[in-house]
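Q: Numbering (numbering that gives the first Met the number 0), first residue to last: 0 to 208.
Note that the Cβ used here is the ideal one computed from N, Cα and C, for glycine as well.
Right, I'll just put the structure down here and ask away after.
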Amino acid sequence: MGEKRVDGRPAFFQALIKVDLENGLDVLGFHLLAVRPIHPDVIGTDSSRHESDLAGSFQPIPEVHRKEVPMPTSKEFTIGLEDRPGTLGKLCQALAEQSVNILAFHSCPLEKGKSAVRLVLDNPAVAKSILVRQKTDSTETEVARVTLSHRPGELARAATRLGEAGINIDYGYCGVDPNTNATMLLLGVADAGKAAKVLEQAAAAGAAT
């Protein structure tokens, strides 16, 4: 599909996906990132955090504040890393050594030399203890999760349903369902529980056609 900049309102994203659908294109990869100022209250400035094994000092990580909601949502960790060789490998190795599997991964730059890594993991409790032990700066939130059929129009259907419900997508990425190995869609939204219900309805409608 190529890289495309889109307006932040739901209708613009729906229109973009509709164009690909009308041209018979299947969306094989998906990444959406909302551009917003870094939130000053997400991570404190405790000097002890600057001793991280994985990252030096860096600016706070942007975060959308969301409600704690029931499944089907997933816990997401946002981790600040210095953008240099080896930092991601060290983080992933620490998780692997404790048999924590990465189900979904997303990374984006914050500023020169800094980056934010988002991870959805199969064992959030163990992962959290690892992050604390490694002295990483991280935040946790819930993201909406849905598994869609691998065919043209499924992302269009999901995005349209969210737009009709007045739900804006702040960012999105894909991962792998640990039970079926199917591709799952993860979306950062203001109300993950509400979005998850809408996405389930969209997936059910797709399966019925």
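1) Residues in its own chain within less than 7 Å of Ala206 by CB, not counting five upstream and five downstream?
2) Looking at Ala191 and Thr146, is the spacing between their C-beta atoms short of 7 Å?
3) Could you check how far apart the C-beta atoms of Thr138 and Thr77 are, in whole angstroms? I think they sit under 8 Å.
4) Is Val119 closer than 7 Å to Glu217 when the C-beta atoms are compared?
5) Helix or strand or just coil, what does DSSP make of Gly83?
6) Measure the CB-CB distance between Ala116 and Leu94 and report whether it falls below 7 Å.
7) Would you decide whether Thr208 is buried or exposed? Buried here means 16 or more other CB atoms lie within 10 Å of its CB.
8) Under 7 Å between the Cβ atoms of Leu198 and Ala157?
9) Considering only residues of the region 100-152, which uninterrupted beta strand (DSSP E) runs meet the minimum length of 3 residues and lie entirely inside it, listed in chain order?
10) Could you pull out every residue in the same chain whose Cβ sits closer than 7 Å to the Cβ of Ala202, ignoring the five residues on either side in sequence?
11) How many Å lie between Ala194 and Ala155 at the Cα?
12) Alpha helix (DSSP H) containing Gly192: first to last residue?
13) Which whole-angstrom value is the C-beta distance of Asp82 and Ser128, which I expect to be below 8 Å?
14) Alpha carbons only, please: which of Glu141, Glu110, Leu90, Gly174 is nearest the one belonging to Pro71?
15) Are the beta-carbon atoms of Ala124 and Val99 separated by less than 7 Å?
16) Using the three-state DSSP reduction, which class does Val188 fall into: helix, strand or coil?
17) Quick one: is Val188 buried, meaning 16 or more other Cβ sit within 10 Å of its Cβ, or exposed?
18) For Ser98, which residues does DSSP report across the bridge?
19) Between Gln200 and the rest of its own chain, which residues show a CB-CB distance below 7 Å, the 5 nearest in sequence each way excluded?
20) Per DSSP, Ile78 is paired with what?
21) Taking the alpha carbon of Thr179 as the point to measure from, which residue in Leu102, Ser73, Glu96 has its own alpha carbon closest?
22) By DSSP, does Thr159 sit in helix, in strand, or in coil?
A: Taking the structure as given:
1) These residues qualify, in order along the chain: Ser148.
2) By the CB criterion at 7 Å, Thr146 and Ala191 fall outside the cutoff.
3) The pair is a contact, with the Cβ atoms about 5 Å apart (cut-off 8 Å).
4) The structure shown does not extend to residue 217, since the chain spans only 0 to 208, so no value can be given for it.
5) Strictly speaking, residue 83 in this sequence is Arg, with Gly absent from that position. DSSP places Arg83 in coil when its eight states are reduced to three.
6) Checking the sequence shown, residue 116 turns out to be Val, not Ala. Contact flag unset, no.
7) It counts as exposed.
8) Yes; because the gap between Cβ atoms is below 7 Å, this pair is in contact.
9) As far as the region 100-152 is concerned, its whole beta strand (DSSP E) runs of at least 3 residues are 101-110, 113-120, 137-146.
10) Result list for Ala202: Val145, Thr146, Leu147, in chain order.
11) Roughly 15 Å separates the two Cα atoms.
12) Run containing Gly192: 191-206, per the alpha helix (DSSP H) assignment.
13) Rounded, the Cβ-Cβ distance is 25 Å, inconsistent with contact.
14) The shortest C-alpha separation from Pro71 is found at Glu141.
15) Judged by beta-carbon spacing, Val99 lies beyond the 7 Å limit of Ala124, meaning their Cβ atoms are not closer than that value.
16) Under the three-state reduction of DSSP output, Val188 falls in the coil class, being neither helix nor strand.
17) Only buried fits Val188, as 16 or more other CB atoms lie within 10 angstroms of its CB.
18) DSSP output for Ser98 lists no bridge partner at all.
19) In chain order, Arg160 place their CB closer than 7 Å to the CB of Gln200, counting only its own chain and leaving out the 5 sequence neighbours on each side.
20) BP columns for Ile78 point to Val116, Ser137.
21) In this structure, Leu102 is the residue among Leu102, Ser73, Glu96 with its C-alpha nearest to the C-alpha of Thr179.
22) Note: Thr159 maps to helix in three-state DSSP.
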